[in-house]
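Enquirer:
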Amino acid sequence: MHPVFITIIKRLGLGVLTLLVVSAIIFSSVTMLPGDFGEAVLGQAATEETVAAFREELGLDKPAVVRYFEWAGAVLKGDLGTSFSGRSASGSDRSRSVAEMIGPRLKNTLFLAGVTAIIAVPLAILLGLSAALFRNSWYDRTVNATTLTTISMPEFFVAYVLILFFSSLWNVFPSLATVDPSMPLGERLNRIALPAITLTLVIVAHMMRMTRAAIINLLASPYIEMARLKGASRTEIILKHALPNAWAPIATVIAFNLAYLVVGVVVVEVVFVYPGIGQLMVDSVSSRDIPVVQACALIFAGTYIILNLVADIIGIVTNPRLLHPR
Amino acid sequence: MSEPTEELSTYTAAAEVGAVRVRRGRFERWWLALKKAPLSAWFGMIVIAAYVFVAVFAPWLAPYGEAEIFRTPFAPWDETHRFGTDQIGRDILTRLIYGARNTMGIALVTTLLSFLIGGGLGLVAAINRSWLDQLLSRSVDVLMAIPSLIFALMLLSIFKPSVLSLIFIIAVLDSTRVFRLTRSVAINVVVMDYVEAAKLRGERLGWIMRHEILPNIMPPLVAEFGLRFSFVFLTIAALSFLGVGIQPPTADWGSMVRDNASMIQFAQYDFKAGITPLLPAAAIGLLTVAVNFVVDWFLHKTSGLRDEH
Chain A
332 MHPVFITIIK RLGLGVLTLL VVSAIIFSSV TMLPGDFGEA VLGQAATEET VAAFREELGL
392 DKPAVVRYFE WAGAVLKGDL GTSFSGRSAS GSDRSRSVAE MIGPRLKNTL FLAGVTAIIA
452 VPLAILLGLS AALFRNSWYD RTVNATTLTT ISMPEFFVAY VLILFFSSLW NVFPSLATVD
512 PSMPLGERLN RIALPAITLT LVIVAHMMRM TRAAIINLLA SPYIEMARLK GASRTEIILK
572 HALPNAWAPI ATVIAFNLAY LVVGVVVVEV VFVYPGIGQL MVDSVSSRDI PVVQACALIF
632 AGTYIILNLV ADIIGIVTNP RLLHPR
Chain B
828 MSEPTEELST YTAAAEVGAV RVRRGRFERW WLALKKAPLS AWFGMIVIAA YVFVAVFAPW
888 LAPYGEAEIF RTPFAPWDET HRFGTDQIGR DILTRLIYGA RNTMGIALVT TLLSFLIGGG
948 LGLVAAINRS WLDQLLSRSV DVLMAIPSLI FALMLLSIFK PSVLSLIFII AVLDSTRVFR
1008 LTRSVAINVV VMDYVEAAKL RGERLGWIMR HEILPNIMPP LVAEFGLRFS FVFLTIAALS
1068 FLGVGIQPPT ADWGSMVRDN ASMIQFAQYD FKAGITPLLP AAAIGLLTVA VNFVVDWFLH
1128 KTSGLRDEH
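Laid out in structure tokens, this is it:
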């Protein structure tokens, strides 16, 4: 078997193992809850029977290992449990299933992240390439200084500055990104313009700097020097000699930054009151709705791990040294 | 060094070689390094110094008390309230000044704690290199596989949000990064002959860590401290902004942005009132930029580690 396959299989195995351990950590958060938890959810007036019934529903009478496998099995089938909210002391239960709460919101979040990625990835690569091409020129310096500043700013600052200028002072985009599935696509795009621009600014800054660094790193290698000595033009060197070898680091950079997008989306959704799972998670943390928090954490962590895994595998597959071992 | 003009008559080669060379004092060396610092680093240092000054002398600088409530909420900018008042009538300038103390103080304590945990364990792992190293490194790998903001949010839903739990949670999550860096730089130092010699002399583990290894890995750790501080600072600000971090009535920049965010809608009628919620956010951003500038310069100076980034 080709040695690359072995490396990839090893990395895949490691990824699955990480997912398992992470899911176990997320699950065990329920076990760490303080004892009076039932009353906290059901209210002070809860009778002993309702609390006992609630504890039984959570399965707190079974050993933790058994509960973990039951939970993991249910998650694999798409059953994420039921929310804590909507329960009352009298024992009546109007709680909704977590999967039902998350489903439409997950679609919204993916829509926002997708639109951002479609704008951000080509823009960042173009900026990174041109900055590397005109290295140390005023253009490079301006782009660099701008991106360093954007990286240092908290996401909500960027978001509110955009609201101030594009919504409050000059009303071109709505400041509240409320969307629902019945809206036509154009209307939805208009609504999410500001959150998408905010995320784009943050992501492009990271991605562009990493692309630039990757290209400049390559430009220091001897074969580029050779191309320069034989008289190739700058554009030719970048496009014909550097870029083919740069795809691997660039692909890694893209996957890495899409993983970063997962985290950035939480704050931005809250700023623009966008109905995605980031906002749902923050709301559930405030109301201590543990099953929803767990499900959201699992989705975020899973996406993050898988994207990092993809980045690593792209890095392995496109590495010529691994593809043609001596 | 001897002055040739005065001592020309009595000059001997032996005297010059024998003369004690005056070493530059610590402050003299610092001053020399500072004089060569670029503009951006100077800007960063001045901003940081100003922030520290405000944080330390907050009670004397602030015109009112931290949680003092006045009659008019959302008051406009005027002489009595330089930046107006917030949604329940607290003076914004006062809260900004106290916020410097609280937000920076909490971030500093958190970073110190995370360096204590991460740095200590990193050194132990680098010296030990056995099952303990494996155990620590693998647990850090797993912890780092979960985005830290998400992990922090999850933990905050279990432990009640308070300053102590906030500091502890973020310190532990952030110590994973410190652990990795400390371990990777310390591993190269641990194999040196002088560490071996110290071991053979019979020095204890703690002594070797402090006297032989730590001084040699200081520069990257100091730079990392600056970066981690700004990261922790941004994380705490983000959590407070989301309403699960520092809780009222403690003045804090992140929650100030959240509380006053609605004022931004009035920017077209009263521009000053409109930018009020941006003030604490800008304060956060300015400090992070300043720290980044100083760290950039420091890294360039000590190693050239980040020459091309």
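From first to last, the protein sequence lines stand for chains A and B.
My numbering applies: residue 332 is where the first sequence begins, and numbers increase by one.
My numbering applies: residue 828 is where the second sequence begins, and numbers increase by one.
We put the CB at the ideal spot given by N, CA and C, even for glycine.
Name the one or two DSSP bridge partners that D918 (chain B) has.
Expert: Working through the second sequence from its first residue, we reach residue 918 (chain B) at position 91. DSSP lists B:T912 as partners of D918 (chain B).
Enquirer: Taking only beta-carbon atoms, is F358 (chain A) less than 7 Å away from chain B?
Expert: As a position in the first sequence, residue 358 (chain A) is number 27, starting the count at 1. For F358 (chain A), the answer is no, since every Cβ of chain B falls outside 7 Å of its Cβ.
Enquirer: Check each residue of the region 926-957 of chain B: if its Cβ is closer than 8 Å to any Cβ of chain A, include it; give the result in chain order.
Expert: none
Enquirer: Identify the contact partners of L615 (chain A) in chain B, using a Cβ-Cβ distance below 8 Å as the criterion.
Expert: Counting from 1 along the first sequence, the entry for residue 615 (chain A) is found at position 284. Here residue 615 (chain A) turns out to be Ser, not Leu, going by the sequence shown. Ordered by position in chain B, the residues that pass the 8 Å Cβ test against S615 (chain A) are S984.
Enquirer: Looking at the C-beta of Y635 (chain A), does it have a partner C-beta in chain B at a distance below 7 Å?
Expert: In the first sequence, residue 635 (chain A) corresponds to position 304, counting from 1. Taking Cβ atoms only, chain B reaches closer than 7 Å to Y635 (chain A), which makes this a yes.
Enquirer: Among residues of its own chain, excluding the 5 on either side of L982 (chain B), which ones have a beta-carbon nearer than 7 Å to its beta-carbon?
Expert: Position 155 of the second sequence, counted from the start, is the residue given in the question as residue 982 (chain B). I996, listed in sequence order.
Enquirer: Name the chain A residues whose beta carbon is nearer than 7 Å to that of N1015 (chain B)?
Expert: As a position in the second sequence, residue 1015 (chain B) is number 188, starting the count at 1. Those within 7 Å of N1015 (chain B) in chain A number zero; the least Cβ separation is about 22 Å.
Enquirer: So, helix, strand or coil for S428 (chain A), using DSSP?
Expert: As a first step, residue 428 (chain A) must be located in the first sequence, where it is residue number 97. Note: S428 (chain A) maps to strand in three-state DSSP.
Enquirer: So for V883 (chain B), helix, strand or coil by DSSP?
Expert: On the second sequence, position 56 is the one that residue 883 (chain B) refers to. Helix.
Enquirer: Could you give the distance in angstroms between the alpha-carbon of T1077 (chain B) and the alpha-carbon of N1043 (chain B)?
Expert: Mapped onto the second sequence, residue 1077 (chain B) falls at position 250. Mapped onto the second sequence, residue 1043 (chain B) falls at position 216. For T1077 (chain B) and N1043 (chain B), the gap between their C-alpha atoms comes out near 40 Å.
Enquirer: Please list the partners that M612 (chain A) has in chain B, where partner means a Cβ-to-Cβ separation under 8 Å.
Expert: Locating residue 612 (chain A) in the first sequence gives position 281, counting from the first residue. Here the neighbours are I977, L980.
Enquirer: Report the neighbours of T1115 (chain B) on chain A: residues whose CB is nearer than 8 Å to its CB, in chain order.
Expert: Taking the first residue of the second sequence as position 1, residue 1115 (chain B) is located at position 288. Residues of chain A with a Cβ closer than 8 Å to the Cβ of T1115 (chain B) are, in chain order, S483, M484, P485.
Enquirer: Given that a residue counts as buried once 16 or more other Cβ atoms are within 10 Å of its Cβ, and exposed if not, what is E1039 (chain B)?
Expert: The sequence position of residue 1039 (chain B) within the second sequence is 212, counting from 1. Counting Cβ neighbours within 10 Å, E1039 (chain B) comes out buried, since at least 16 surround it.
Enquirer: Which residues in chain B sit within 8 Å of V353 (chain A), going by Cβ to Cβ distance?
Expert: Walking along the first sequence from the start, residue 353 (chain A) turns up at place 22. What V353 (chain A) touches in chain B: V969, A972, I973.
Enquirer: Can you find the residues in the same chain that come closer than 7 Å, C-beta to C-beta, to S354 (chain A), ignoring five residues on each side of it along the sequence?
Expert: On the first sequence, residue 354 (chain A) is found 23 positions in, with the first residue counted as 1. For S354 (chain A), where only same-chain residues beyond five positions count, the Cβ hits under 7 Å are A403, L629.
Enquirer: How many angstroms separate the CA atom of M612 (chain A) from the CA atom of C627 (chain A)?
Expert: Position 281 of the first sequence holds residue 612 (chain A). Position 296 of the first sequence holds residue 627 (chain A). Roughly 6 Å between the two C-alpha positions.
Enquirer: Mind listing, in chain order, the continuous alpha helix (DSSP H) runs of no fewer than 4 residues lying wholly within the region 1030-1075 of chain B?
Expert: 1045-1068
Enquirer: Exposed or buried, P553 (chain A), counting other C-beta atoms within 10 Å across all chains shown (16 or more means buried)?
Expert: Here residue 553 (chain A) refers to the residue found at position 222 when the first sequence is read from its first residue. By the 10 Å Cβ count, P553 (chain A) comes out exposed.
Enquirer: What does F1068 (chain B) reach in chain A if we use C-beta pairs closer than 8 Å?
Expert: Your numbering for residue 1068 (chain B) matches position 241 in the second sequence. What F1068 (chain B) touches in chain A: P485, F487, V598, V601.
Enquirer: Identify whether T649 (chain A) lies in helix, strand or coil by the three-state DSSP scheme.
Expert: As a first step, residue 649 (chain A) is located in the first sequence; it is residue number 318 there, counting from the start. If DSSP states are grouped into helix, strand and coil, T649 (chain A) belongs with coil.
Enquirer: Between which two residues does the alpha helix (DSSP H) carrying N467 (chain A) extend?
Expert: Taking the first residue of the first sequence as 1, we reach residue 467 (chain A) at position 136. Note, N467 (chain A): premise wrong, no alpha helix (DSSP H); not H, not E.
Enquirer: For P1104 (chain B), return the contacting residues in chain A, with the cut-off set at a CB-CB distance below 7 Å.
Expert: In the second sequence, residue 1104 (chain B) corresponds to position 277, counting from 1. Those within 7 Å of P1104 (chain B) in chain A are Y491.
Enquirer: Could you pull out every residue in the same chain whose Cβ sits closer than 8 Å to the Cβ of S428 (chain A), ignoring the five residues on either side in sequence?
Expert: Position 97 of the first sequence holds residue 428 (chain A). Cβ neighbours of S428 (chain A) beyond the five flanking positions: D410, L411, G412, T413, S414.
Enquirer: Whose Cβ in chain B lies nearer than 7 Å to the Cβ of R619 (chain A)?
Expert: Locating residue 619 (chain A) in the first sequence gives position 288, counting from the first residue. The answer, in chain order, is S984.
Enquirer: For the 8 Å Cβ check, are there 3 or more pairs between the region 1103-1119 of chain B and the region 474-484 of chain A?
Expert: yes
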